[in-house]
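Read through the structure below, which is laid out as structure tokens, and then see the notes.
Number of protein chains: 2
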Amino acid sequence: MPANNPKPQSELKTAKGTRDWVGRDLLLRDHIFQTTSDVFKRHGGIPLDTPVLELREVLAGKYGEDSKLIYNVEDQGGELLSLRYDLTVPFARWLAMHSNVKQIKRYQIAKVYRRDQPAISRGRLREFYQCDFDIAGVYDAMIPDAEILRIIVEVFRALKLGIVIKLNHRSILDGLFTVAGVPQEKIRPISSAVDKLDKTPWEEVKKEMVDEKGLAEEVADKIGEYVRRSGGLREMIDILEDQELSANEQVQSGLADMELLAHYLTAMDVIDSVSFDLSLARGLDYYTGLIYEVITTPSGRSNQVGSVAAGGRYDGLVGRYGKQAVPCVGLSFGVDRVFTILDTRQKKNTSDLKSEADVYVMAAGGKGFDGLLAERMEVARQLWDAGIRAEFTAKVKPKMLQQFNAAKEVPVAVILGQDEMEAGQVRLKDARAGDGDKVEKDRGRLVSRESLVEEVLSLLSKIALEEGQD
Amino acid sequence: MPANNPKPQSELKTAKGTRDWVGRDLLLRDHIFQTTSDVFKRHGGIPLDTPVLELREVLAGKYGEDSKLIYNVEDQGGELLSLRYDLTVPFARWLAMHSNVKQIKRYQIAKVYRRDQPAISRGRLREFYQCDFDIAGVYDAMIPDAEILRIIVEVFRALKLGIVIKLNHRSILDGLFTVAGVPQEKIRPISSAVDKLDKTPWEEVKKEMVDEKGLAEEVADKIGEYVRRSGGLREMIDILEDQELSANEQVQSGLADMELLAHYLTAMDVIDSVSFDLSLARGLDYYTGLIYEVITTPSGRSNQVGSVAAGGRYDGLVGRYGKQAVPCVGLSFGVDRVFTILDTRQKKNTSDLKSEADVYVMAAGGKGFDGLLAERMEVARQLWDAGIRAEFTAKVKPKMLQQFNAAKEVPVAVILGQDEMEAGQVRLKDARAGDGDKVEKDRGRLVSRESLVEEVLSLLSKIALEEGQD
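Taken in order, these protein sequences are the chains called A and B.
For the first sequence, counting from 1, position 258 maps to 258 in the UniProt record's numbering; every step adds exactly one.
For the second sequence, counting from 1, position 21 maps to 21 in the UniProt record's numbering; every step adds exactly one.
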């Protein structure tokens, strides 16, 4: 039986930053999973499922400062374990364990764990889902990178969400810092400061560089000239090629990648969805080439939800496990953020916790009516045997009104009467037609038990057709 | 591109008792999930997803001696957390938190965690899946219990696995112990000893009762007379009603339940799949009525894999959270054990890690051929836009033989040539026909770019039809 929208009580609760998923929320979430994995499969993706628990040493040294957010499992004797922090490192661990796998496109949709400050209304949780797609292996330059960006466009098109993909390249960024005069040991900290430009004004970022990180003011200003630039991919390549920057070898090699990419993105019809943004730096240490972050439009650079997908090329990570070096490029969708956006947009007028039954089996009768429970069970069994979703009320003698109300929640009602059952017949009706009173008076048309399954299926397709659900 | 079967290397590994799922294993596992959830939905089940992390106090005191198998998360400041041990207690916690939910059929398919001794070959892991279906709420007696048993039959029928459902009733068992002369405080320990009868001979179980648990020998013998009995449900009810046993009030009430159940199981066509087994006791403390365990036939009482599903009625658990008392009955499928059985049965002759692409886009050409990469991208994009699963080789100038071999992995090949592309045409062929040589010579028939999507879809349905996949 469907229940009403649940209202949680106070003391009993889920762990901080975690939540239960049920009803409409779960359906919407599964719609996102389905849409995403359909696109992943369209591109030849193979599913991989790794454990939530990983050996602590597998995760060690992969997340920089964010390692403090890893959940460790208590030492109860035996191995030291942690909960996975993302899906990228477990994938790299899997690749390193299977040295005969030289090329693979894999996807994974699963929960990850971070002891971060939760903000549920903005879709930031401690237990949350990631949807990852990665292409591992040696291929010709920038072809897999272009396909990953194409996948992003296809997923958000299918979800009917407008997006912009901000692109940058670690080589260009590092070269730019070198040309501007940043000492090698300060490149990562300065990079982290630059990455804040999507939320923080330039003056503050500059202050952090000069006051906190000890950069010369003229160096900071020079950085500022570059990193506040963004625009179309081709336009930005042209601008950068004209600068003194392009004398730097790292910048040169990054620009060559970006030119190839522009060529491929044009062929794949992705070029209009990207923007080249020199302020994009991404926190994680392991990126080595192209990096990207996806924001929804028209939210632009500042929005409540933050990026809805992100990723990049990481050619060194698998090799750090000492087995084989496998270059990779990948992306991760922040499902809970996408969920928050779609949920806000969706009208909240449908009843929650509804079962998906197609048929409600009920009994009707006059004086001395015994409820026909065994008969309702038999008819339900007949429908289940045919794979039809059917329910009945778990009462020996259910009230008539209660049954008619329950029937209104499903497309088709099968009504049993004593005399009709004895004659091998039941009544069949479109349960949602008319209001309660009418429903109660219209007791449907007689069909034989032998033809019931066929008649129900035919009525269900008629109803589906009329509702345009196909 | 598909890779070969992966061979794991030594040092790097997953945590003890956990495993990665990929390729054919994952497809088989998903088939089990899909089959099970189809049946759950057919019975009006609503999905619920709870967190892996639960507050430690939520799990406390629910699992008796097995509590030592719970994984605790390290105290890193903040709440004390554990990993869920099953899906029943989190469901009870959810019910207790939502006091306006009076009746619900919910299902959940998710990983649970137990620090048990793993035995992977027998499907016993530390991280493993459970598939649970529970009916919560006040209904007329034994109707939900009967539907749960019906669900078990439908799931294993769909999986094409022969089973027997062993039934017992906690009231009958407790009454039987009382009549035999077991002191009240020894009922649970004696019950645990009896539960071992599926793996241990009676003489050893008796020894445990008398020597370890201090039961009088004549009491043990009396228990032995009863608990070694099993048979058809109606037959056993008749036997028990004739005994002195039935004077006991608990036994009486249990037998009344079993009689109702026999009636309902007949209506639902489940009666031939059950056996009444007085030695079935079930370890968990929280069961209060009907209990059951499912074994595969012909394995009978002793088998490597153990029970493949189990459950029972637990009317007191939700009330222990002090909010509302909600009677429940439910079942849990041991997916990994079912997987082990089906996997052993399945022929292992298919290539692993195969992508599910339907179309391979390739280029062919003579001297001076430039690989047509952008053109392959454009054609792939055209197919992706139409929702078709398509791949191409991520090389600027792929070798011809390499492409023809890749093409053999998918149903349809689209072959691009320079002149044909300029004329707005491509070649289309059934890629799996003939051997490598023939494939290479037969370059398919010309179709226009405009009609490509339509032609591909029509060829794909022709191939599917011929393979009888529909």
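Cβ atoms here follow ideal geometry from the backbone N, Cα and C, with glycine treated the same way.
Owing to the predicted nature of the structure, the values given are computational and were not obtained by experimental measurement.
| Item | Value |
| --- | --- |
| Endpoints, the alpha helix (DSSP H) within which Y226 of chain B is located | 217–227 |
| Pairwise C-alpha distance: R381 of chain A and F156 of chain B | 15 angstroms |
| For H98 of chain A and A262 of chain A, the rounded distance between their alpha carbons | 34 angstroms |
| Any 3 or more C-beta pairs closer than 8 angstroms across the segment 125–140 of chain A and the segment 86–101 of chain A | yes |
| Cutoff 8 angstroms: Q418 of chain A Cβ touching any chain B Cβ | no |
| Residues from the segment 9–20 of chain A in contact with chain B, defined by Cβ distance under 8 angstroms | Q9, L12, K13, T14, A15, K16, T18, R19, D20 |
| Selection of the segment 66–91 of chain B by Cβ proximity to chain A, strictly under 7 angstroms | Y71, N72, V73, E74, Q76, G78, E79, L81 |
| Rounded separation between G334 of chain B and I32 of chain B - CA only | 11 angstroms |
| Of the residues A:A256, A:L176, A:I151, the one placed nearest V270 of chain A, counting alpha carbons only | A:I151 |
| Cα-Cα separation, R376 of chain B to G316 of chain A | 29 angstroms |
| Completely contained alpha helix (DSSP H) runs for the segment 361–429 of chain A, where each covers 4 or more residues | 373–385, 400–407, 418–422 |
| Coil, strand or helix - L87 of chain B by DSSP | coil |
| Below-8 angstroms beta-carbon distance, D49 of chain A vs any chain B residue | yes |
| Among B:I295, B:E154, B:Y139, B:Q243, nearest to P398 of chain A - alpha-carbon criterion | B:Y139 |
| Spatial neighbours of W94 of chain B in its chain, beta-carbon cut-off 7 angstroms, leaving aside the 5 residues before and after | L48, T50 |
| Residue-level contact to chain A via CB, I143 of chain B, 8 angstroms cutoff | yes |
| 8 angstroms Cβ cutoff, V22 of chain B in contact with chain A | yes |
| Contiguous beta strand (DSSP E) assignments of at least 3 residues, all confined to the segment 104–143 of chain B | 104–113, 127–136 |
| Members of the segment 90–121 of chain A near chain B, C-beta cut-off 9 angstroms | P90, R93, W94, A96, M97, H98, S99, N100, V101, K102, Q103, I104, K105, R106, K111, Y113, R115 |
| Extent of the continuous beta strand (DSSP E) to which S191 of chain A belongs | Not the beta strand (DSSP E): S191 of chain A falls in the alpha helix (DSSP H), residues 187–195. |
| Where L167 of chain A falls: helix, strand or coil (DSSP) | strand |
| Length of the line joining the Cα atoms of G254 of chain A and V447 of chain B | 40 angstroms |
| Chain B contact residues for M268 of chain A, given Cβ-Cβ distances below 7 angstroms | M377, R381 |
| is_contact[V361 of chain A, chain B] using C-beta, thresh 8 angstroms | no |
| Residues in the segment 304–328 of chain B having any Cβ partner in chain A nearer than 7 angstroms | Y321, K323 |
| C-beta contact flag for L233 of chain A and V294 of chain A at 8 angstroms | no |
| Partners in chain A for K395 of chain B, counting only beta-carbon separations shorter than 9 angstroms | Y139, D140, I143 |
| First and last residue of the uninterrupted alpha helix (DSSP H) at Y264 of chain B | 249–267 |
| Three-state secondary structure (DSSP) of V306 of chain A | Looking at the sequence itself, residue 306 of chain A is Gly, so the reference to Val does not match. G306 of chain A: coil per DSSP, three-state reduction. |
| Segments assigned alpha helix (DSSP H), at least 4 residues, entirely inside the segment 12–97 of chain A | 23–42, 56–59, 88–97 |
| Closer than 8 angstroms to chain A by CB, E391 of chain B | yes |
| Within-8 angstroms CB hit, E422 of chain A to chain B | no |
| The segment 32–45 of chain A in contact with the segment 71–82 of chain A per 3-pair CB rule at 8 angstroms | no |
| Segment limits, beta strand (DSSP E) that includes E293 of chain B | 290–296 |
| Any chain B beta carbon closer than 8 angstroms to A60 of chain A | no |
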